[in-house]
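Taking it in order: structure first as structure tokens, then the write-up.
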Amino acid sequence: MPEAVLDLETQPFDTPPRDQAVEAEMLNVNVDGFEGPLDLLLMLARTQKVDLRKISVLQLAEQYLAFVTEARALRLELAADYLVMAAWLTWLKSRLLLPPPHDDGEPSGDELAARLAFQLERLEAMRRAAAQLMARDRLGRDFFARGMSETVTVRRRTEWTASLADLLRGYARVKTRDEYRPLLVDRSAIFSMDQALERLKALMGAAIEWGQLASFLPEGWTLDPARRRSAIASSFAAALELAKLGQVEIRQEESFAPLYLRAARHDGGGQ
Amino acid sequence: MTLMENAEALFDAPPPAEQERMVEAILFASAEPLSLAQLGERLPHGSDPGAALELLRERYRGRGVSVARIGPGWALRTAPDLGFLMRREAKETRRLSRAAIETLAIIAYHQPATRAGIEEIRGVSLSRGTIDILLDLEWIQLGRRRETPGRPITFVTTVAFLDHFGLESARDLPGIKELRDAGLLDSTPPPGDAEEDGPEDQDGGIEDMFGDEPE
Amino acid sequence: MTLMENAEALFDAPPPAEQERMVEAILFASAEPLSLAQLGERLPHGSDPGAALELLRERYRGRGVSVARIGPGWALRTAPDLGFLMRREAKETRRLSRAAIETLAIIAYHQPATRAGIEEIRGVSLSRGTIDILLDLEWIQLGRRRETPGRPITFVTTVAFLDHFGLESARDLPGIKELRDAGLLDSTPPPGDAEEDGPEDQDGGIEDMFGDEPE
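Here it is, written out as structure tokens:
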């Protein structure tokens, strides 16, 4: 980071700018040091040595365009937003130079220039405010809270804490866990044939009425689509197996209709 | 107040000097600032925490430790002019990036501030982690969503922020009045001649921003 | 003592009242009791820590806080007779476990949430202690039973939860996209991932399960 150029904590905005030749050189060297076109514009504006409110936006536009031209001549990579700003300033310049068109409903060149000057002034103001804020006496550096953490240990109580950042990160972690997962067969989403057999056998003892296959799925396996699919597949296979053993009856009205199961009746009532 | 409560108050409330001692001990033992309401809860029934606190503030005036107002609360803090003696207590503070410092200032002066608002002022997009760092320091927290399209979330500063920077309230931010008067906390340039000082009352947003008085 | 040191001492030592303030601030900020020698090291050259401490002890006599001798050192302590006021301060602060934070986050975003729902999202079963801690903290409470088979109980967050996390309402919690934008999520979504928007999940099953969206 080109601290010398950017460190506003040591350079209030009404400080006269350094030698312009030095600054011009810095501009050449430090394209990457600027935090975007607005930052660069603010730097250029300071070279005008006037109150930001009295700045010549036309001159500023020219300074900026000259900078961009020079940077390109030096084959420096300029990020797209610098070029967008250049295009906008070229347009602004033309609007400032040409006589105002008939009322076309768009803001005039002067209004746009005032808007830009305002943005620069506001950014500068915020930087000064930030510097003033950081220069204040600060807790733990200039003034202190009590050093010892407790006075009386009459009744110890554990207080659990968590910050909002912890909470948000916790949620983010849970919701994106899948994104990180390496490509592995996810065993936790597979309901095995053995599990299904065991479960169905246990349930079928009491299943006197017809019940949909889906209603026999275990809790926790019905909502997540992957788990549900696995549970249905293994339960279906298990049902076939049990039917073969004569323990359950399976009914389906037509192709792709829901499957119904019930315990096999040995009085011959099955189909 | 019933007769019963009245009587209780009469018999139970300790004399003012004793209440002052109690407030002193409670503030001394607490790491975080405590509001008058919190002090009241801990004092015996019928006490007047406001009056006790006033006595205590008077007593600590000019001492090595003083009673500081922090947002809605009060806490004991060492006098800033003695900071040089405490160097060995000073914790290594994380050096904040310029982006984080500016973002913090923008949130503090423009709160409640949206991400888009911060980006507009800085003219660059907010990099990953900047907000994260400030949340982690507990200097900012989520505010109300702004009732504009998309209901963007907003950020506001916390009591810990006030405590860290020794501020009584967000109204006491350095230079905030001048910035407001100059229209620099508005989202658009002052109407008409930019050199004219904006009228006092045009900053509805700011009033809104600091709507809640401490206490 | 050389002539040089002597002269320095004459010019530099602050007046006794100032030395007293300094001792007060140093003892207040120190994490452990300090001996006279340690106080002497921290005070400006030529100070008399013994005399300053004596003045301070005198000043704090009978106050809510007093200067106590602890082994070879000195420390500020709340007056023993006020211990009854301090009970709440005798606490130990510990960070919540990751499981508890994740569970709390899921309840906050998906409330009312059932135990099975939480387990499904976290992909692990919920230990009893986790819910107990959150209930104990009064950050969650029991909600309505869900009208599904088994009528499982649900959990919702409380006002104390909002207070602790500085939230206006649970609706103000940022969505996944906002978290990502704020840099709280390090990963970028895999290409074609449709799930971009926050608490609302694309997965119909999840929506069903949790019924009411936080919106």
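Protein chains in written order, with this note's numbering: chain A, -15 to 255; chain B, 253 to 467; chain C, 253 to 467.
Quick reminder that beta carbons are idealized off the backbone N, C-alpha and C, glycines included.
Bear in mind the structure is a predicted one, so any value in this text is a computation, not a measurement.
Exposure label - residue i; buried when at least 16 CB within 10 Å
i, result
"A:G58", "First, the amino acid is wrong: residue 58 of chain A is Leu here, not Gly. Exposed, because fewer than 16 other Cβ atoms sit within 10 Å of the Cβ of A:L58."
"A:R139", "Low confidence applies here, because A:R139 scores a pLDDT of 47, under 50, leaving its location unreliable and the question unanswered by this model."
"C:T345", "exposed"
"B:D424", "exposed"
"A:L81", "exposed"
"A:S78", "exposed"
"B:G302", "exposed"
"B:R315", "buried"
"C:S287", "exposed"
"C:V236", "Nothing can be reported for residue 236 of chain C: it is not among the residues displayed for chain C, which extend from 253 to 467."
"A:K159", "buried"
"A:E9", "Note on A:E9: pLDDT 49, under 50, position unreliable in the model; the coordinate value appears next. Looking at its Cβ environment, which holds fewer than 16 other Cβ atoms inside 10 Å, A:E9 is exposed."
"A:F240", "exposed"
"B:A269", "exposed"
"A:S147", "buried"
"B:Q271", "buried"
"B:T400", "exposed"
"B:I322", "buried"
Cutoff 8 Å: residue i Cβ touching any chain B Cβ
i, result
"C:F280", "yes"
"C:L419", "yes"
"A:M27", "no"
"C:E430", "yes"
"C:L334", "yes"
"A:M118", "yes"
"C:A412", "no"
"A:D126", "yes"
"A:S40", "no"
"A:D23", "yes"
Test: residue i CB closer than 8 Å to a CB of chain C
i, result
"A:G195", "no"
"B:P266", "no"
"B:R321", "no"
"A:R122", "no"
"A:F175", "no"
"B:E372", "no"
"A:R157", "yes"
"A:L148", "yes"
Member of the options whose CA lies at the smallest distance from the CA of residue i
i, options, result
"A:A210", "C:E372, C:E310, C:G418 and C:P426", "C:E372"
"A:A109", "B:L378, B:R374 and B:S379", "B:R374"
"B:I359", "A:A114, A:W75, A:L100 and A:Q103", "A:A114"
"B:E299", "B:P401, B:Q393 and B:P266", "It is worth fixing the name first, because residue 299 of chain B is Ser in this sequence and not Glu. Comparing Cα positions, the closest option is B:P266."
"A:A217", "A:L229, A:L26 and A:L243", "A:L243"
"C:Q290", "B:G314, B:M338, B:E310 and B:P301", "B:M338"
"B:P296", "B:F417, B:D264, B:A352 and B:I428", "B:D264"
"A:R99", "A:L151, A:V41 and A:A55", "A:V41"
"C:L394", "C:T400, C:G402 and C:T409", "C:T409"
"B:G325", "B:Q363, B:P285 and B:A351", "B:P285"
"A:S219", "A:A186, A:A190 and A:L28", "A:A186"
"C:A283", "A:A222, A:M132, A:Q196 and A:D178", "A:M132"
"B:R432", "B:I383, B:Q363 and B:I370", "B:Q363"
"A:E294", "A:E95, A:M188, A:E19 and A:L152", "This structure cannot settle anything about residue 294 of chain A, because the visible part of chain A is limited to -15 through 255."
"A:D150", "B:D384, B:R311, B:G323 and B:R340", "B:D384"
"B:R294", "C:F336, C:T330 and C:A304", "C:F336"
"C:R350", "A:L152, A:Q103, A:E105 and A:I39", "A:L152"
"A:V52", "A:F128, A:K33, A:T74 and A:K38", "A:T74"
"A:F175", "A:A221, A:F102 and A:D23", "A:A221"
Expected contact under 8 Å - CB spacing of residue i and residue j to nearest Å
i, j, result
"C:L356", "C:R367", "No, C:L356 and C:R367 are not in contact; Cβ-Cβ is about 14 Å, not under 8 Å."
"B:M274", "C:L334", "6 Å"
"C:A412", "C:E390", "5 Å"
"A:E193", "A:R246", "6 Å"
"B:E276", "B:L308", "6 Å"
"C:F280", "B:V317", "5 Å"
"A:L197", "A:A223", "7 Å"
"A:L49", "A:A70", "6 Å"
Chain A contact for residue i (CB, 8 Å cutoff)
i, result
"C:R347", "yes"
"C:Y312", "no"
"C:A360", "yes"
"B:E228", "In the structure as shown, chain B begins at 253 and stops at 467. Residue 228 of chain B is therefore absent and cannot be evaluated."
"B:T409", "no"
"C:A327", "yes"
"C:P324", "no"
- Query: Touch check for the region 420 to 437 of chain B and the region 98 to 109 of chain A: three-plus C-beta pairs under 8 Å?
  - Reply: Contact between the region 420 to 437 of chain B and the region 98 to 109 of chain A is present: 3 or more CB-CB pairs across the two stretches fall below 8 Å.
- Item | Cβ contact (3+ pairs, closer than 8 Å) linking the region 401 to 416 of chain B and the region 116 to 133 of chain A | Yes, they touch.
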